[in-house]
Amino acid sequence: MIVLQEHRTVKTIKCEEKPPTEPKRKKRNSIKEFICNSSSASSGEDEDPSEFYSKVNRIIDKDLSWRKPEEDYSSDESSQLSSSSSSSSSSENDERIIRKKKDTKISINFLESLSNYVPLEDKHFDTKQYFIRTGFKNKNKRQELAEKLFSMYDQDVFSSKLSDKVTIVWSGRLTATAGHCTTRRSSQTATVTLSHKVCDSPERCRDTLLHELCHAAVSLIDNVTDQGHGPLWRKWTHKAERCYPYLPAISVKHTYDIAYKFIYRCIQCRYEVQRHSKSLNIEIDCCGKCMGKFELLLNNNKTNEVQTPKKTLTRYNLFIKEHFQTTKQAQPHLSTPQLMKHLSQEYRKTMEQQQQQNPIDLPDLEQLKI
Numbered sequence: 022m023i024v025l026q027e028h029r030t031v032k033t034i035k036c037e038e039k040p041p042t043e044p045k046r047k048k049r050n051s052i053k054e055f056i057c058n059s060s061s062a063s064s065g066e067d068e069d070p071s072e073f074y075s076k077v078n079r080i081i082d083k084d085l086s087w088r089k090p091e092e093d094y095s096s097d098e099s100s101q102l103s104s105s106s107s108s109s110s111s112s113e114n115d116e117r118i119i120r121k122k123k124d125t126k127i128s129i130n131f132l133e134s135l136s137n138y139v140p141l142e143d144k145h146f147d148t149k150q151y152f153i154r155t156g157f158k159n160k161n162k163r164q165e166l167a168e169k170l171f172s173m174y175d176q177d178v179f180s181s182k183l184s185d186k187v188t189i190v191w192s193g194r195l196t197a198t199a200g201h202c203t204t205r206r207s208s209q210t211a212t213v214t215l216s217h218k219v220c221d222s223p224e225r226c227r228d229t230l231l232h233e234l235c236h237a238a239v240s241l242i243d244n245v246t247d248q249g250h251g252p253l254w255r256k257w258t259h260k261a262e263r264c265y266p267y268l269p270a271i272s273v274k275h276t277y278d279i280a281y282k283f284i285y286r287c288i289q290c291r292y293e294v295q296r297h298s299k300s301l302n303i304e305i306d307c308c309g310k311c312m313g314k315f316e317l318l319l320n321n322n323k324t325n326e327v328q329t330p331k332k333t334l335t336r337y338n339l340f341i342k343e344h345f346q347t348t349k350q351a352q353p354h355l356s357t358p359q360l361m362k363h364l365s366q367e368y369r370k371t372m373e374q375q376q377q378q379n380p381i382d383l384p385d386l387e388q389l390k391i
């Protein structure tokens, strides 16, 4: 039996090299295709390029969102100019920005304008009167500002529950304490005392008054006494901070630098003792550290100037000092101006009598040499 085997030849098949396939780019719907498609739907005729650009311009003119605001950006023509023209255009833009900043007015409310860091030209119009001339140093202006602040705090923070129960008083006896609040349970009233020696600026008056009114609210609204700076007081302070987030946080104790009028400085160790009045005697009192003598300095808030010594008393001053009390007791019906007039007449009489008793001896004219 013969088996026939099929003869197979190895054939090499050459693969045709195909160029790499590039990813197909998505066609974007341009404005030109959109107009062409819309026009081909209506009429199959080709349009003139001039008509195409007129349509494009019409579509762009209707959409104003692409335009740049004239106030913020310079014109496109300036970018096409030379370097000299670009520098001139940039200077014009800078002048325009500066002019805008001058024209724009920063709106700051009444309470924030009382802060010292706000410049005078940016302050609220109603607060400028407390910063010019005497301003806050006048007691009438101080009381006016305190009453205005109280009405604002009572309405915003305390829901108008303190309007008829709180009185505000200024005092000079508080030398280190900024303010104090006293309440009466029988009459359900409170008195807030502010120190004009410590609260010497509208900013300190604003912050101290809000601190003391929180104490008054604890006793008058919550009907709780002897609370101090407890949770109820903190409750009212947190409410005030939510109402006025732009004001500084209400603290338990103040950190104000008190401006004392008189400063006593030790000559040896340079230790200083500050006082609001002349309470120390330089000749008797001495330094507690080195037992040295003091010198008196006058604080004028800018430079410490050594005070000039006291003037010596004249004869007239000594006469008034000796006879004032005795004459006042002898004639109590006289007022002070009448009493001073009477003493001046008595002084004149005594001086005339002394001149008559002790005439001035003049030398002879012949002995004088010219």
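Be aware that the sequence shown starts at 22, since it is given in the working numbering, and climbs by one per residue. A virtual CB, placed ideally from N, CA and C, is assigned to each residue, including glycine. The structure displayed is predicted, hence computed values, not measured ones.
| query | result |
| --- | --- |
| Beta-bridge pairing of Ile-279 - partner residues as DSSP gives them | Answer is none; Ile-279 lacks a bridge partner. |
| For Arg-163, the first and last residue of its enclosing beta strand (DSSP E) | It is not in any beta strand (DSSP E) - Arg-163 instead sits in the alpha helix (DSSP H) that spans 160-177. |
| Cβ contact (3+ pairs, closer than 8 Å) linking the stretch 254-274 and the stretch 227-234 | yes |
| Three-way DSSP call (helix, strand, coil) for Asn-320 in this model | strand |
| Rounded separation between Leu-170 and Asn-302 - CA only | 42 Å |
| Beta bridge counterpart(s) of Phe-157 as assigned by DSSP | Answer is none; Phe-157 lacks a bridge partner. |
| DSSP beta-bridge partners of Gly-200 | Leu-215 |
| Given Ala-167 as reference, the closest of Asp-221, Gln-209 and Thr-246 once Cα atoms are compared | Asp-221 |
| Environment of Ile-288 [buried if 16+ CB atoms lie within 10 Å] | exposed |
| Coil, strand or helix - Ser-136 by DSSP | coil |
| Cβ-Cβ distance between Thr-212 and Thr-188 below 7 Å | yes |
| Residue environment, Thr-335, which counts as buried when at least 16 other CB atoms sit within 10 Å | exposed |
| Burial state of Asp-247 (16 or more Cβ within 10 Å) | exposed |
| Extent of the continuous alpha helix (DSSP H) to which Val-245 belongs | Unbroken run through Val-245: none, as it is neither H nor E. |
| First and last residue of the uninterrupted alpha helix (DSSP H) at Ser-365 | 357-378 |
| Run of the beta strand (DSSP E) containing Thr-188, from where it starts to where it stops | 187-192 |
| Exposure of His-236, with buried meaning 16 or more beta-carbon neighbours within 10 Å | buried |
| Cys-287, DSSP secondary structure in three states | strand |
| Thr-210 (DSSP reduced to helix, strand or coil) | strand |
| Contact set for Glu-165: own chain, Cβ-Cβ below 6 Å, skip 5 residues either direction | none |
| Beta-ladder partner(s) of Gln-295, from DSSP | Ile-284 |
| Status (buried if at least 16 other CB within 10 Å, exposed otherwise) for Asp-306 | exposed |
| Bridge partner(s) assigned by DSSP for Phe-456 | Given that the chain is displayed from residue 22 to residue 391, the structure contains no residue 456 and the question cannot be resolved. |
| Neighbourhood of Lys-186 by C-beta, 7 Å cutoff - its chain only, sequence neighbours within 5 removed | Gln-209, Thr-210, Ala-211 and Leu-241 |
| Ser-134 burial status per 10 Å Cβ neighbour count (16 or more: buried) | buried |
| Secondary structure of Phe-131, DSSP reduced to three states | helix |
| For Phe-152, the three-state DSSP class (helix, strand or coil) | coil |
| Beta-carbon proximity check, Arg-296 vs Phe-283, cutoff 7 Å | yes |
| Contact belief for Trp-257 with Val-239 at Cβ below 8 Å, rounded distance in angstroms | 7 Å |
| Buried or exposed (CB count within 10 angstroms, at least 16 for buried), Leu-132 | buried |
| Spatial distance of Lys-158 from His-344 (CA atoms) | 38 Å |
| Residue burial classification, Val-190 (beta-carbon count within 10 angstroms, cutoff 16) | exposed |
| Distance CB(Arg-395)-CB(Leu-318) smaller than 7 Å | The requested residue 395 is not part of the displayed model; the chain covers only 22 to 391. |
| Extent of the continuous alpha helix (DSSP H) to which Ser-252 belongs | Checking the displayed sequence, the identity of residue 252 turns out to be Pro instead of Ser. Counting along the chain, the alpha helix (DSSP H) containing Pro-252 begins and ends at 252-264. |
| Cβ-based neighbour list, Cys-311, same chain, cut-off 8 Å, excluding 5 preceding and 5 following | Cys-287, Gln-289, Cys-290 and Tyr-292 |
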